[in-house]
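Right, one structure below, let's go through it.
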Amino acid sequence: MQTSLQSVLSGPGCLIEGYRLLSRGSLRPFVIGPLLGNVLLIAVALALCWFTVDWAVAAWLPASWGWLTWLLLPVAILALLWLFMVGFAALANLLLGPFLDRLAVATRNERGFAALEQPHAVGWLAFARQELRRWAYLIVCLLGVLVIGWIPFVQVAAAPLALLVSAWFLVIETSAHAFAIRGVNFSGQLAVLRQHRGSALAFGLAASGALLLPVFNLLLVPAAVIGMTLWVEQRIAE
């Protein structure tokens, strides 16, 4: 039985294991497609962030705040970059769904988990419908953050809240495939994640940090799908 701290740390531990397993020969064929797609989307995300950062920071931090504006500027830039990267990771999850489902199945086989009676085959359209539900959930959460962002003085809390929301959404996105091959829909997925919220959020924060690290961000989507497949199997086995 894990202690609370061990449970929380198991989240980042699964992500580290996901990166480690990327080089396994049995998984490599399922990693190449998502990796190439992720590289392309991250390049687009960085370009968009570069061209919009000045406008976004000026809108969030009024010049009248003086020295406080300069103090909060790095936080604002970091939050904007993080949100762009998370958004494009979500897009990669949608576009590369069928590849990532197969990667989740291959991960289970690689680690020798009990075979599913019949892995649930998820077509792209069925996955896209569930993905739209996930995006709607994210939009509702971000609208709350946006409202806070326009309230004077309270708005400084918007950036850290946005980071937490994006970390949680990364967990939802990258665990989708492990749940999908079990035939679990979005409602069932949320129920499991909420039951183990601390560990799941720790995974999301670690993944969000990896998004800001060169090379690690290029490998994040396949590594996180592998890691969350391990995480889901461990939680279901408890």
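Note that the numbering used here has the sequence shown beginning at 384, numbered continuously upward. Every residue gets a Cβ at the ideal spot worked out from N, C-alpha and C, and that includes glycine.
Reducing DSSP to helix, strand and coil, say where residue i ends up.
| i | result |
| --- | --- |
| residue 406 | coil |
| residue 534 | coil |
| residue 396 | helix |
| residue 473 | helix |
| residue 401 | helix |
| residue 604 | helix |
| residue 509 | helix |
| residue 597 | coil |
| residue 480 | helix |
| residue 434 | helix |
| residue 424 | helix |
| residue 610 | helix |
| residue 497 | coil |
Under 8 Å between the Cβ atoms of residue i and residue j?
| i | j | result |
| --- | --- | --- |
| residue 425 | residue 553 | no |
| residue 471 | residue 427 | yes |
| residue 391 | residue 561 | no |
| residue 429 | residue 607 | no |
| residue 603 | residue 594 | yes |
| residue 401 | residue 564 | no |
| residue 410 | residue 493 | yes |
| residue 598 | residue 549 | no |
| residue 618 | residue 569 | no |
| residue 546 | residue 591 | yes |
| residue 605 | residue 477 | no |
| residue 490 | residue 576 | no |
| residue 616 | residue 510 | no |
Ignore the nearest five residues each way along the sequence and tell me which others in residue i's own chain have a CB closer than 6 Å to its CB.
| i | result |
| --- | --- |
| residue 482 | 416, 417 |
| residue 611 | 557, 558, 561 |
| residue 420 | 475, 479 |
| residue 544 | 528 |
| residue 384 | Note that residue 384 scores a pLDDT of 47, beneath 50, so its modelled location is shaky and nothing firm can be said. |
Grab me the residues of residue i's own chain with a C-beta within less than 7 Å of its C-beta, minus the 5 sequence neighbours each way, in chain order.
| i | result |
| --- | --- |
| residue 540 | 531 |
| residue 407 | 493 |
| residue 498 | none |
| residue 484 | 505, 560, 563, 564 |
| residue 551 | 584, 587 |
Keeping to the same chain, check which residues put their C-beta closer than 8 Å to that of residue i; ignore five residues upstream and five downstream.
| i | result |
| --- | --- |
| residue 572 | 555, 558, 559, 562 |
If contact is defined by three or more beta carbon pairs under 8 Å, each pair taking one atom from either stretch, is the region 578-586 in contact with the region 526-543? no
Would you mind listing the alpha helix (DSSP H) stretches within the region 518-593 that are 4+ residues and don't spill past its ends, in chain order? 541-563, 569-578
Within 8 Å, do at least three Cβ pairs link the region 586-601 to the region 393-412? yes
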